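For reference, the structure is listed below as structure tokens.
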Amino acid sequence: MKVASVVGARPNFIKLAPVSRALRERFQEVIVHTGQHYDYEMDRIFFEEIGIPEPDHHLGVGSGSHGRQTGEMLARIEDVLIKEEPDAVVVFGDTNTTLAGALAAAKLHITLVHVEAGLRSYDRRMPEEINRVLVDHCSDLLSCPTETAVDNLRREGIVDGVYLTGDVMVDAMNLCMDISKRSTILERLELRPKEYILATLHRAENTDDSERLREIIGAFEDIGSNLVFPCHPRTERRLRDLGLWDSLKERIKVIKPVGYLDMLQLEMNALRILTDSGGVQKEAYIFRVPCVTLRERTEWVETVNDGWNVLAGASRESIVRHARGFVPPRSQTHVFGDGEAGRRIADLIESFMSSGRGCSGGRFAAS
Ligand code: UD1
Ligand code: UDP
Numbered sequence: 000m001k002v003a004s005v006v007g008a009r010p011n012f013i014k015l016a017p018v019s020r021a022l023r024e025r026f027q028e029v030i031v032h033t034g035q036h037y038d039y040e041m042d043r044i045f046f047e048e049i050g051i052p053e054p055d056h057h058l059g060v061g062s063g064s065h066g067r068q069t070g071e072m073l074a075r076i077e078d079v080l081i082k083e084e085p086d087a088v089v090v091f092g093d094t095n096t097t098l099a100g101a102l103a104a105a106k107l108h109i110t111l112v113h114v115e116a117g118l119r120s121y122d123r124r125m126p127e128e129i130n131r132v133l134v135d136h137c138s139d140l141l142s143c144p145t146e147t148a149v150d151n152l153r154r155e156g157i158v159d160g161v162y163l164t165g166d167v168m169v170d171a172m173n174l175c176m177d178i179s180k181r182s183t184i185l186e187r188l189e190l191r192p193k194e195y196i197l198a199t200l201h202r203a204e205n206t207d208d209s210e211r212l213r214e215i216i217g218a219f220e221d222i223g224s225n226l227v228f229p230c231h232p233r234t235e236r237r238l239r240d241l242g243l244w245d246s247l248k249e250r251i252k253v254i255k256p257v258g259y260l261d262m263l264q265l266e267m268n269a270l271r272i273l274t275d276s277g278g279v280q281k282e283a284y285i286f287r288v289p290c291v292t293l294r295e296r297t298e299w300v301e302t303v304n305d306g307w308n309v310l311a312g313a314s315r316e317s318i319v320r321h322a323r324g325f326v327p328p329r330s331q332t333h334v335f336g337d338g339e340a341g342r343r344i345a346d347l348i349e350s351f352m353s354s355g356r357g358c359s360g361g362r363f364a365a366s
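Here numbering that gives the first Met the number 0 is used: the first residue of the sequence shown is 0, the next is one more, and so on.
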């Protein structure tokens, strides 16, 4: 049986790593890379460092407006699927790559598997929220990281094909923790464990709204020299356009985005983490590092309900206060899984296909 995994952006690659490993134990896997991310630090470094197999197809789509980027990907993924004739397509998370892969597969009547299904922020202005809702509604197998995700789907009437598998990012962390110990990032940045704060920032709601961006960057500057900020290229471009880049670089440690192995070390040794990333909120929780989220809402509600994550929004005062003083409770009650999500996903695909429920019949007809 042949399975096609469609990826294109940083968080897709990290989720692919453990799933690909599990798929390859029993299926033929073909990797399709849309090219949504392309800078070395956003793309190649993950394939080189964490052993993700080389993509079989690189579609080179690159950046663009949402419609143009998603449309280009859709057309090119469709061509590949028609040529490769996979039995199932796997998509990851909530990026434009995820949506394009899902639409291409669904229209060709190929069994569609959504990894990280059922997440909701209930904010339809987030591009990722639109992507999640649409992908979930056209998927055949939905791999949910949490009970909350299963409940969210149930409320939208999606019950068939829904499975609680745990979160593949736990698998990814397990896969990479040992090799990440080889990272020398702390020495290179002259950081001591638990004496610095780590920040990431890239959500459109923050970067594209100059008032919010100024507030958040103001908070970063107030926090000062013990702040380390691996900066997403989208954010760098906006900060340069607004003339905020040079003064920020003088006040805090702004660095290029780092590879996953360096990132795991930066996260686990941080005193606190400030972020608007979905994945980083979860990793902070798993590493038991208090997290200050630079948004008003989160899909990862368990982390907030448990007291380990606080939603500071884009308020300069609130970010600084929490960055300096947020103390979570001692215990954690929720977990994101046992690190076996990848294997469960492969099991589910196998039993779904062998039960004859997989899509079939005339699916590769081009018209
Ligand atoms: C995308 C995802 C977001 C995810 C993030 C992970 C969508 C709608 N958004 O956001 O959910 O959290 O990836 O990092 O899919 N750029 C570069 N080099 C690159 C990639 C991007 O310079 O390698 C710059 C370009 O100016 C580009 C901008 O970043 O226009 C935005 O890139 P894009 O892939 O559209 O969205 P992200 O903000 O990265
Ligand atoms: N990440 C990384 N290097 C960085 C920033 C993030 O390796 O400089 C990893 C992070 O550890 C997590 C994933 O990228 O596993 C999260 O991706 P991102 O924040 O880009 O997207 P999101 O999760 O918000 O969709």
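Idealized CB from N, CA, C, for every residue including glycine. Bear in mind the structure is a predicted one, so any value in this text is a computation, not a measurement.
Same chain, Cβ closer than 6 Å to residue i, neighbours up to 5 away in sequence not counted
i, result
"residue 139", "110, 111 and 160"
"residue 44", "258"
"residue 364", "Because the pLDDT at residue 364 is just 34, under 50, the model does not fix this residue reliably, and the point stays unresolved."
"residue 276", "199"
"residue 77", "103"
CA nearest to the CA of residue i, picked from the options
i, options, result
"residue 217", "70, 238 and 131", "238"
"residue 295", "247, 309 and 195", "309"
"residue 155", "144, 137 and 170", "137"
"residue 20", "354, 350, 105 and 339", "339"
"residue 168", "261, 14 and 331", "14"
"residue 147", "303, 328 and 330", "303"
"residue 28", "83, 323 and 151", "83"
"residue 203", "243, 231 and 263", "231"
"residue 224", "209, 208 and 246", "246"
"residue 33", "46, 23 and 60", "60"
"residue 317", "125, 37, 207 and 219", "219"
"residue 228", "279, 242 and 240", "279"
"residue 281", "345, 145, 346 and 329", "145"
"residue 186", "264, 235, 236 and 226", "264"
"residue 24", "345, 350 and 357", "345"
"residue 125", "65, 188 and 31", "65"
"residue 323", "262, 226 and 71", "226"
Contact check, residue i vs residue j, beta carbons under 7 Å
i, j, result
"residue 333", "residue 301", "yes"
"residue 164", "residue 343", "yes"
"residue 255", "residue 40", "yes"
"residue 336", "residue 166", "yes"
"residue 2", "residue 85", "yes"
"residue 80", "residue 98", "no"
"residue 73", "residue 102", "yes"
"residue 173", "residue 91", "no"
"residue 131", "residue 141", "no"
"residue 274", "residue 199", "yes"
"residue 348", "residue 87", "yes"
"residue 116", "residue 16", "no"
"residue 306", "residue 327", "yes"
"residue 201", "residue 250", "no"
"residue 209", "residue 243", "no"
Residues of its chain near residue i, where Cβ-Cβ distance is below 7 Å and the 5 sequence neighbours each way are ignored
i, result
"residue 313", "205, 211, 214, 215 and 293"
"residue 120", "128, 296, 297 and 298"
"residue 123", "129"
"residue 325", "271, 289, 291 and 309"
"residue 341", "17, 18, 20, 21, 167 and 170"
"residue 69", "95, 98 and 99"
"residue 362", "Because the pLDDT of residue 362 is 39, which lies under 50, any placement of that residue in the model is unreliable, and the number read from its coordinates should be weighed accordingly. So the list reads 107, 108 and 109, once near-sequence residues are dropped."
"residue 149", "117, 143, 161 and 163"
"residue 359", "Any answer about residue 359 is weak, because its pLDDT of 49 lies below 50 and its placement is not dependable; what the coordinates show is given next. Here the set comprises nothing."
"residue 253", "228, 230 and 247"
"residue 366", "With a pLDDT of only 32 at residue 366, under the threshold of 50, the placement of this residue in the model should not be trusted; the figure read from the coordinates follows. If we look at residue 366 and ignore the five residues flanking it on each side, it has no Cβ neighbours."
"residue 311", "291, 292, 293, 317, 318 and 321"
Close Cβ partners of residue i (< 8 Å) along its chain, the five nearest in sequence each way excluded
i, result
"residue 352", "0, 86, 87 and 110"
"residue 133", "98, 101 and 102"
"residue 260", "48, 49, 175, 178, 179, 181 and 182"
"residue 152", "116, 117, 135, 141, 143, 158 and 161"
"residue 331", "284, 287, 305 and 307"
"residue 315", "214, 215, 217, 218 and 221"
Heavy atom of the ligand HEM within 6 Å of residue i beta-carbon
i, result
"residue 32", "Because the ligand HEM does not appear in the structure shown, any question about it cannot be addressed here, the ligands present being the ligand UD1 and the ligand UDP."
Can you give, in chain order, each stretch of the beta strand (DSSP E) that sits fully within the region 262 to 294 and has at least 3 residues? Fully enclosed beta strand (DSSP E) runs of no fewer than 3 residues occupy 271 to 274 and 290 to 292 of the region 262 to 294, in order along the chain.
Length at least 4, wholly inside the region 180 to 233: the alpha helix (DSSP H) runs in chain order: 184 to 187, 203 to 206 and 209 to 222
Are the region 4 to 24 and the region 37 to 54 touching, with three or more C-beta to C-beta distances below 8 Å? yes
What ranges does the alpha helix (DSSP H) occupy inside the region 103 to 178, keeping only unbroken runs of at least 4 residues that lie completely in it? 126 to 136 and 146 to 154
Identify every run of the alpha helix (DSSP H) within the region 313 to 365, keeping only runs that are complete inside it and at least 4 residues long; order them along the chain. Note on the region 313 to 365: whole alpha helix (DSSP H) runs with a minimum of 4 residues are 315 to 324 and 340 to 353, in chain order.
Does the region 258 to 275 come close enough to the region 184 to 196 that 3 or more CB-CB pairs lie under 8 Å? yes
3 or more residues per run - each beta strand (DSSP E) lying fully within the region 40 to 107: 87 to 91
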